[in-house]
Each structure stands twice: as C-alpha cells, then as structure tokens.
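Numbering of the sequence shown is given in this note's numbering, commencing with residue 2 and proceeding in unit increments.
For each residue, glycine too, the CB sits at the ideal point set by N, CA and C.
Here the structure is laid out as structure tokens; the discussion comes afterwards.
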Amino acid sequence: MDKILILDFGSQTTQLIGRRIRDMGVYTEIIPGDSALAPEPGPDVRGIILSGSPESVYAGGAAPDKKVYDCGLPLLGICYGLQRMTVDLGGTVEALPGREYGRIGVTVAEGGSGLAARFLEGFRPSFTAWMSHGDTLTKLAPGFREAGVSDTGYPAVLVHGEKPWFGVQFHPEVTHTEGGNEILSAFVFGVCACKAGWTMEHYVEETRASLNERIGKSPVLLLVSGGVDSTVAGALLLKTLQSDQVHLMYMDTGLMRKDETKTVKASLEKLGAKRLHIVHCEGEFLEALKGLCEPEAKRRAIGDLFITIQEREVLRLGLPEHYFLAQGTLYTDLIESGRGVGNKARLIKSHHNVGSPLVDAKRKAGRLIEPLDKLYKDEVRRLGRFLGVNEEVVRRHPFPGPGLGVRILGEVTGEKCGILREADAIYIEELKRRTDGEGRSLYDAIWQAFAVLLPIRSVGVAGDERKYGWVLALRAITSSDGMTADVYPFQIKDLLEISTRITNTVKDIGRVTYDISSKPPATIEWE
Ligand code: XMP
2 MDKILILDFG
12 SQTTQLIGRR
22 IRDMGVYTEI
32 IPGDSALAPE
42 PGPDVRGIIL
52 SGSPESVYAG
62 GAAPDKKVYD
72 CGLPLLGICY
82 GLQRMTVDLG
92 GTVEALPGRE
102 YGRIGVTVAE
112 GGSGLAARFL
122 EGFRPSFTAW
132 MSHGDTLTKL
142 APGFREAGVS
152 DTGYPAVLVH
162 GEKPWFGVQF
172 HPEVTHTEGG
182 NEILSAFVFG
192 VCACKAGWTM
202 EHYVEETRAS
212 LNERIGKSPV
222 LLLVSGGVDS
232 TVAGALLLKT
242 LQSDQVHLMY
252 MDTGLMRKDE
262 TKTVKASLEK
272 LGAKRLHIVH
282 CEGEFLEALK
292 GLCEPEAKRR
302 AIGDLFITIQ
312 EREVLRLGLP
322 EHYFLAQGTL
332 YTDLIESGRG
342 VGNKARLIKS
352 HHNVGSPLVD
362 AKRKAGRLIE
372 PLDKLYKDEV
382 RRLGRFLGVN
392 EEVVRRHPFP
402 GPGLGVRILG
412 EVTGEKCGIL
422 READAIYIEE
432 LKRRTDGEGR
442 SLYDAIWQAF
452 AVLLPIRSVG
462 VAGDERKYGW
472 VLALRAITSS
482 DGMTADVYPF
492 QIKDLLEIST
502 RITNTVKDIG
512 RVTYDISSKP
522 PATIEWE
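This is the structure we're talking about:
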C-alpha cells in the first residue's frame, strides 16, 4: 500500500497533515524528524513530508537523516520543513524583523513543467494561507525557484528545477488555508503518484490476516474499559478469531457512569463475546479511596488497585503462559503528544494500563497486541461502525480511566458516586435529545461533557423547607484532541432547563453551575 512518510519536527499541526492525507485514502506514517532512514525509507513510501517545528533551524531545530536528500523520493517541506531543506541544501534562513503570523495572502506564478507543473496545479492563483513563522528564506538553495510569494513579500512556495523537491512556507493542513487540501493532494497524487488504498475494508482485511498469523490458536486477553477504543479492539478480535479464544476482562470499579456495565456487557455480547469476565470490585475501590482527598493520592490509589486486581484476576483465569494480551491503544497514544524530536517516549494510554507490569511483561515477550495502533480516533469510530459496534458506544465521549473518582472532588464515597451518576445521566440524556442550530444533537456537537460533584453544600429551599444540597458543576467542551479545549456556548435556555431537571430529580443536589473555563489554563477534568 502506498504510503507518505511524515518527518515530525514537533509542530502542533503535524498530526493534521497525517489526518488530511489519510482522509484522501492514502496511508501516512509519522516518525520523529531525526529518525534514521536506514537502510532506506521503505518500499511503500512514495513521498516524504518534512513538518513544521516550534524551533528555528539555527537554534536547536533537529535535522533529518541526510538520506532523505539522496533517496530520490519527492519531498515537501512545510514551514520549518522548507527552511530545513533550504539550509541543508545550501541556502540561508534568517530571522524576520517581525513574524508572519495568521492569515496572509499568497500569490502563485503560473508556469513550470513536469512535476513542478503538477504540484502547482494544486494552487489557486491567489489565496489566503495560514502562516506561523519567525524566520524566512533569505537565499534559496541552488536549483530552487520561488513560485509563490506572500503579501508581505517573502517566499511562500518553492519548486526545484530538476528534483521532485517542493516547499511551502505556510500550513496547507490547517483549515484556515484556502484550498490547503488541494495543495496536499497535488503533492500526494500529482507528484508522488500515490494510489488511494487506505480504506476500512483494506485495513480490516490486512489486520485480520496479520492477527491470525500472529496469534494462531493461542488465547487472547483484552482489557476492556467500556470506551470506544477497547470495544472496537474487541470487535476486531471477535470478528477475526474463534470466539472462545477471545477473553475480555472488564472491571466494574464502582466509578463508572450509570448503567455502564450493562451497556458494555450488552454491546460485547452482541458482537459475539462468549468469554466476558466482569470483575465486580466496587467495594475494594471505595475502601482504597476512604479518607483520600488529594487528587494525585486518589489517582495513585485507583491506579495501584487497578493493577493489583488485574493481576489477581488474570491469574484466576488460568490462561496458559503463551496467551496474548491486547489493548485498544491508538496511533495518537503512541506518538509524542508534546513537542520536539529525539525524545519520543512511547506514551501508553493514560488509562488503567499505565506502567502496568503485566503490559510491560507481555510487550517484552512480544505478546502484546494493539490492533488499532495505526488509527486515529475518528478512524476507530468508522471501524467500529464497519464492524457493527453499537452507535451509542461509537459516539461515546471520552471517559478518564479513574472515572468518577476524579469527578467527585474530595473524598469519594458510594453515596456520592450514586448522586453523581444520576445527575450525569440526566445531563447526558438531555444533551442527546436537544439539538443545536444545525440540527445536530448537542451531544454530538460537544466533544466531551460531564458533571462534577463539588465538595460544597449550599443552602436552598424546597417547598417550605430549608434544603442543604450539594453543588454540581456541568462541563461541556469542544476540542479536536483534548489537548486544548473551548467552552461549549450553550443557549441559556438549554442550561436552565437541564439545571431544573437535575435539581428536581436528584434531591441531594441543591445548585447547578456551568464551568466556563477553557483549556488552558484549566484542564478538562477537575482533578
Ligand atoms: P485533562 O483533564 O488532562 O484531560 O485536560 C484531557 C483528556 O484526557 C482525559 N483524561 C484521562 N483519560 N486517564 C484517562 O484515560 C486519566 O487519568 C485521564 N485524565 C484525564 C479527559 O477526560 C480528557 O478527555
């Protein structure tokens, strides 16, 4: 399958480049910008993109393996990537007196032949582009010519006279750039001649073949959380292997949403699960959380107990030594979420499995299966639908591993879990049945919504009586990846009606507030 390799120099938008190209049906792989391309980039690679970076080429910015310039493959430098190519190939880059930041016009000259013409076909004669750079090219590398210029007078589009080398000073991957997709498409299809082979059918076929080959008749244990990722991973295993080979383990920690265990059980059974092990351990978790108020102490207690119970229960299953362990790790869980290159720690899902000795041991033994590790979240949702996973599960908002444990501020008790579960369920149900101006359900328009139980009680009246009830905060945010978030701008009528229904139904809640903090500076969760 044709593939575009993306060298990541740490730009916030590198992920987006990958997403845009995958949406065109071409597989992309993102690797650290300074990775060795030994012995060569790989037989399926049709082109290489050098990403942007928060660094300057002269101050700490990483450089690619020099092979990138000898391998004969088409190259596209984006922002820092273009400056990097310029410096590596004999041009110069200097600091701008100001910065080019935000929407800036670009004009593209006509002309060129061969691959350059095919690349330039992707550009409108003039368009608005999104820029974000403090350096500019002051001398082009030999063989390059300026095919487009920004309204501020700096080189914006470069093509090489002989080699299949191209560069843009702006970010075609962001939606603020007009016609950005056509530019990427001109590179991917026009220049690299990729065939669009990245389809769900193809992915499923290929993954099933490799799972069958790797696992054979051995048992597999998948740790399911009830979220989209692990459920889709389960569906893939169940549609690939014999159902009695697939062991699914789910822990009901008592910190789950309302009816979560029922929903998980029903959706996995519908997918053909026969060996579903539900571990009821609510009592153990509440015991471990007794008296703990500090968020990190609570998280640690939950994480540690999770590991203890997991190991105990896995032993209890009595699986043979050679069993495989599977988890629903996504592509984005594996690649760096911070910035810069060279220090790309493998990020394990910030889930229950963080640092789990069981996962580590299986990884070392080559018996860890991560069948979604090439996919982005929205691709996992598409795969889920393709495999017949319940729509309710596929559309589900993210839920943190420690669950209600970090949404009940202060000490967690069984009673508080019950109160929060009820209030949260009402909130979510209301979001699912209300629509926005475009006819979408509020639940689908919002990236993540949940209720938080505050450790405060306030005075109110109910009938003629004084009521002393808990305060509930509602949170609803829009985001693309959870790294940053904006507050969802509800119509006030929706908030008022939701608040009324909660306080009328959940008698222990006396007051409802709406959290209007973006991330940063706040985080999405409260603890
Ligand atoms: P924050 O609160 O860090 O959340 O802005 C970002 C996203 O991550 C989720 N989250 C977690 N997910 N284990 C998880 O699996 C955790 O410990 C955890 N903490 C936060 C959060 O719900 C949001 O989607």
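Please report the residue range of the alpha helix (DSSP H) in which residue i lies.
i, result
"L320", "Segment: none, L320 is in no alpha helix (DSSP H) and carries neither H nor E."
"P358", "358-365"
"I18", "15-24"
"Y204", "201-216"
"S231", "229-239"
"Y444", "443-446"
"L331", "Neither: L331 is in no alpha helix (DSSP H) and is coded neither H nor E."
"Y81", "81-89"
"S186", "181-186"
"G284", "283-290"
"E95", "E95 -> not in any alpha helix (DSSP H); beta strand (DSSP E) instead, spanning 93-109."
"D71", "D71 -> no alpha helix (DSSP H), and no H or E assigned at all."
"V175", "Looking at the DSSP string, V175 is not in any alpha helix (DSSP H), and its letter there is neither H nor E."
What residue range does the beta strand (DSSP E) around residue i cover?
i, result
"Q449", "449-463"
"M250", "247-253"
"V160", "156-161"
"S127", "127-140"
"R467", "466-479"
"K531", "Outside the shown range of the chain, which is 2 to 528, sits residue 531, and nothing can be said about it."
"G168", "166-169"
"V221", "221-225"
"R512", "510-515"
"V27", "It is not in any beta strand (DSSP E) - V27 carries neither H nor E in the DSSP assignment."
"L46", "Here the sequence assigns Val to residue 46, which means Leu is not the residue at that position. Counting along the chain, the beta strand (DSSP E) containing V46 begins and ends at 46-51."
To the nearest angstrom, how far is it from the Cα of residue i to the Cα of residue j?
i, j, result
"F167", "F190", "14 Å"
"F400", "E393", "14 Å"
"L405", "R300", "11 Å"
"Y515", "P521", "17 Å"
"D24", "C193", "16 Å"
"G43", "E439", "45 Å"
"L159", "I31", "23 Å"
"E41", "K68", "8 Å"
"P220", "H248", "7 Å"
"G284", "E430", "28 Å"
"G415", "N213", "43 Å"
"L223", "R408", "26 Å"
"A39", "G11", "21 Å"
"Y81", "D9", "10 Å"
"G181", "P75", "18 Å"
"G389", "V395", "10 Å"
"S338", "R434", "Any reading at S338 needs caution, since the residue's pLDDT is 39, under 50, leaving its predicted position unreliable; the model's value is listed next. Whole-angstrom Cα-Cα distance: 34 Å."
"Q311", "D45", "40 Å"
"S151", "P126", "12 Å"
"G343", "Y324", "Here the model assigns G343 a pLDDT of 37, short of 50, so the residue's position is not dependable and the matter cannot be decided."
"P98", "Y59", "16 Å"
"V107", "G329", "43 Å"
"F120", "T176", "19 Å"
"L348", "G464", "Reliability fails at L348, whose pLDDT of 33 lies under 50, so the model's placement of it is uncertain and the value that follows must be treated cautiously. Taking the straight line joining both Cα atoms gives about 53 Å."
"Y155", "W131", "14 Å"
"E297", "K291", "14 Å"
"V462", "M484", "40 Å"
"E526", "D230", "20 Å"
"K345", "K365", "Caution is warranted here: a pLDDT of 35 is assigned to K345, below 50, making its placement in the model unreliable, and no coordinate value can be reported."
One question on the structure: do residue i and residue j come within less than 9 Å of each other, judged by their Cβ atoms?
i, j, result
"G411", "Y469", "no"
"V453", "L421", "yes"
"A142", "A110", "no"
"L326", "V360", "yes"
"G123", "E56", "no"
"I279", "Y251", "yes"
"W199", "Y332", "no"
"L384", "V233", "yes"
"V225", "L269", "yes"
"P456", "L256", "no"
"V513", "L475", "yes"
"Q84", "T153", "no"
ask   = On the three-pair Cβ rule with 8 Å, is the segment 196-213 touching the segment 237-246?
value = yes
message = Count Cβ pairs between the segment 265-277 and the segment 302-317 that sit closer than 8 Å; are there 3 or more?
response = no
inquiry  = Does the contact criterion of 3 or more C-beta pairs under 8 Å hold for the segment 362-380 versus the segment 501-520?
reply    = no
query = Do three or more CB pairs link the segment 477-496 to the segment 442-451 at distances below 8 Å?
reply = yes
ask   = Does the pairing of the segment 99-115 with the segment 33-52 give three or more beta-carbon distances under 8 Å?
value = no
message = Does the contact criterion of 3 or more C-beta pairs under 8 Å hold for the segment 113-129 versus the segment 86-100?
response = no
message = Does the contact criterion of 3 or more C-beta pairs under 8 Å hold for the segment 170-185 versus the segment 12-20?
response = yes
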